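A quick write-up on the structure given underneath.
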Amino acid sequence: ETGQGTTFRISLPAVSSRDDSGMTGRVAPVKGRKSVLVIDDEEIVRSVLLRMLEKLGYDAVAAASGTEGLEILSGEPGRFGHVLLDLVMPGMDGAEVLKRIRDLDPSLRILISSGYNESEISEKLGGVAPDGVILKPFRINALESVLGEGSA
78 ETGQGTTFRI SLPAVSSRDD SGMTGRVAPV KGRKSVLVID DEEIVRSVLL RMLEKLGYDA
138 VAAASGTEGL EILSGEPGRF GHVLLDLVMP GMDGAEVLKR IRDLDPSLRI LISSGYNESE
198 ISEKLGGVAP DGVILKPFRI NALESVLGEG SA
C-alpha cells in the first residue's frame with residue numbers, strides 16, 4: 078500500500094565466533110627452536126606478526142627500524158634463527174639491513190616481507206638475495222610455510 082513503508086529486521090551476532098586473523102589458540106614456544114626477529118617500521122604490522130609467530134610456537138621479538146634490529150642481533154648472538162624483514166623502511170632500508178645482517182651472521186635465514194612483487198623486490202635488493210620472500214598481505218599458514226622452508 079502506498080505510504081505504508083516496509084520494515085526490515087537484520088540480526089547480527091554480538092561477538093564474532095572466530096578471530097579475524099584466522100588464528101585459533103596460542104601455542105607454547107617449541108623447545109630448541111630459535112627465535113624470530115621481526116624488523117618492520119609499522120607498529121600494527123609488528124603487532125600482528127608477533128601474535129602470528131607466537132601462535133605458531135615461535136619466540137618472537139620486534140624492532141621498529143633496521144638500526145634497532147641490528148642492535149638486537151649484535152646483543153644476542155645465536156638467539157635468532159630467522160629474521161622477517163620489511164623491505165621499505167625510513168632511514169636504513171631493507172636492502173641495507175639485509176647486507177649488514179649477512180655480514181653479522183651469515184647463518185641467519187632472512188625473509189623479506191613486502192607488498193612489492195618478486196621482480197620489484199629483486200630490483201630493490203640489487204643482487205643481495207634473501208632466503209625467502211613473503212608477499213603482503215599474507216595469512217598465518219603462508220608465514221608458517223615460509224618459516225618452515227629450509228629449517229628441517
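Take 78 as the starting number for the sequence shown in my numbering and just add one per residue.
We put the CB at the ideal spot given by N, CA and C, even for glycine.
As the structure is a computational prediction, the values presented were derived from the model and not from experiment.
Check: For Leu181, does the count of other Cβ atoms within 10 angstroms reach 16, so buried, or fall short, so exposed?; Outcome: exposed
Check: Is it buried or exposed for Arg123, if we count other Cβ within 10 angstroms and need 16 for buried?; Outcome: buried
Check: Give a yes or no on whether the minimum CB-CB distance between Ile198 and chain D is below 8 Å.; Outcome: The structure shown contains no chain D; it holds only a single protein chain.
Check: Starting from Val160, trace the beta strand (DSSP E) in both directions and tell me its first and last residue.; Outcome: 157–163
Check: List the endpoints of the continuous alpha helix (DSSP H) containing Ala172.; Outcome: 171–181
Check: From Asp136 to Val113, what distance separates their C-alpha atoms?; Outcome: 6 Å
Check: Output the distance between the C-alpha atoms of Pro214 and Gly152, rounded to the nearest integer angstrom.; Outcome: 31 Å
Check: Within the continuous alpha helix (DSSP H) that includes Val125, where are the two ends?; Outcome: 120–132
Check: Buried or exposed: which applies to Glu226, given that a residue is buried once 16 or more other Cβ atoms fall within 10 Å of its Cβ?; Outcome: exposed
Check: Given this structure, state the Cα-to-Cα distance separating Ile217 from Met129, to the nearest angstrom.; Outcome: 6 Å
Check: So, Val210 versus Leu161, is the Cβ gap smaller than 8 Å?; Outcome: no
Check: Can you name the start and end residues of the beta strand (DSSP E) that Leu185 belongs to?; Outcome: No beta strand (DSSP E) contains Leu185, which DSSP labels as neither H nor E.
Check: To which residues of the same chain is Ala139 closer than 6 Å at the C-beta, ignoring the five residues directly before and after it?; Outcome: Val115, Arg123, Leu127
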